Each structure stands twice: as C-alpha cells, then as structure tokens.
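What follows is one structure encoded as structure tokens, with my remarks underneath.
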Amino acid sequence: MKKCRLIVSVDLSRCVGCGRCVKACLTGALALVNGKAKLVDEKRCDGFGSCIAACPHNAISLTLREAEEFDWSILLNVKLSDWIEKFRLTSRKITGYTLSFD
Ligand code: SF4
C-alpha cells in the first residue's frame, strides 16, 4: 500500500557510483545499477538517511512523495550494533557532532 512519506531520491548527475550509500543502507533499499545508485525497493527505505550521510557527493536527498510503506519486519534482521553505528554516522552528518554510546 502506498502513502505519502519521506523517501530517498538519487540525483544521477551527481552520483559517481562509489557504492558508499549501498553499504550504509542496512535495509537493502539501494543498489548500484548501471554504475549509479538506485532505490530498488521502496519497502526497504526507512527514510532515516544514513545513505545521505555516507554520500561524498551530496547526490541523495529525501523527497516527500507517494511510496510503498516501509516494511518494519526488515528490522528484525538488522543487528543492534549496526543500528547504533548508523545513528552515530547520520547524527554526525546532520549535527556536526559525534555521539558516543560508551
Ligand atoms: S554514495 Fe553518493 S556518489 Fe556514491 S553511489 Fe551512492 S549516491 Fe552515488
């Protein structure tokens, strides 16, 4: 079912195909297709933006549009330590500060 929500969008003119966003996405929403990042599964995009933080070329942004709802069951397969790292990296990009969970 589709609803209006924030979801990632890739600016192909900026993307150089480095793949950092693909690695940063813990839920497998992105893949490299023909040398460019592509949102391959809307249900896997949580809209949290770790891919945005990982991209060195500012090629990814969040867009408010109709999209498939996020499949929360995907989170059952994500390790807590990976979530903490994702939150730390994303927070640093947004705030400029590094969070510590020690
Ligand atoms: S991190 Fe940025 S430049 Fe690299 S593949 Fe993803 S969108 Fe493209």
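Mind the numbering: the sequence shown is residues 429 to 530 in this note's numbering, read in order. We put the CB at the ideal spot given by N, CA and C, even for glycine. All values derive from a computational prediction rather than experimental measurement.
Ordered along the chain, which non-local residues of its own chain (more than five positions away) have a Cβ less than 8 Å from that of residue i?
{"i": "L527", "result": "With a pLDDT of only 49 at L527, under 50, the local geometry of the prediction cannot be trusted, and no value is derived from it."}
I'd like the list of long-range same chain contacts for residue i, defined as Cβ closer than 7 Å, with 5 residues on each side in sequence excluded.
{"i": "V450", "result": "L458, A459, L460 and A465"}
{"i": "G477", "result": "L490 and T518"}
{"i": "K430", "result": "E494, A495 and E496"}
Quick one, which of the options has its alpha-carbon nearest residue i's?
{"i": "V468", "options": "F476, G456 and G477", "result": "G456"}
{"i": "R448", "options": "D499, G463 and G475", "result": "G463"}
{"i": "A481", "options": "A452, W511 and V444", "result": "A452"}
Using DSSP bridges, identify the partner residues of residue i.
{"i": "A452", "result": "DSSP lists no partner for A452."}
{"i": "T491", "result": "I435"}
{"i": "V468", "result": "Looking at the DSSP assignment, V468 forms no beta bridge with any residue, so it has no partner."}
Quick one: does the C-beta of residue i sit closer than 7 Å to a heavy atom of the ligand SF4?
{"i": "C443", "result": "yes"}
{"i": "A495", "result": "no"}
Quick one: what's got a C-beta closer than 6 Å to residue i's C-beta in the same chain, skipping five residues either side?
{"i": "C446", "result": "none"}
Please indicate yes or no: does the CB of residue i lie closer than 7 Å to some heavy atom of the ligand MN?
{"i": "I488", "result": "Questions concerning the ligand MN fall outside what the structure shown contains, since the ligands it does hold are the ligand SF4."}
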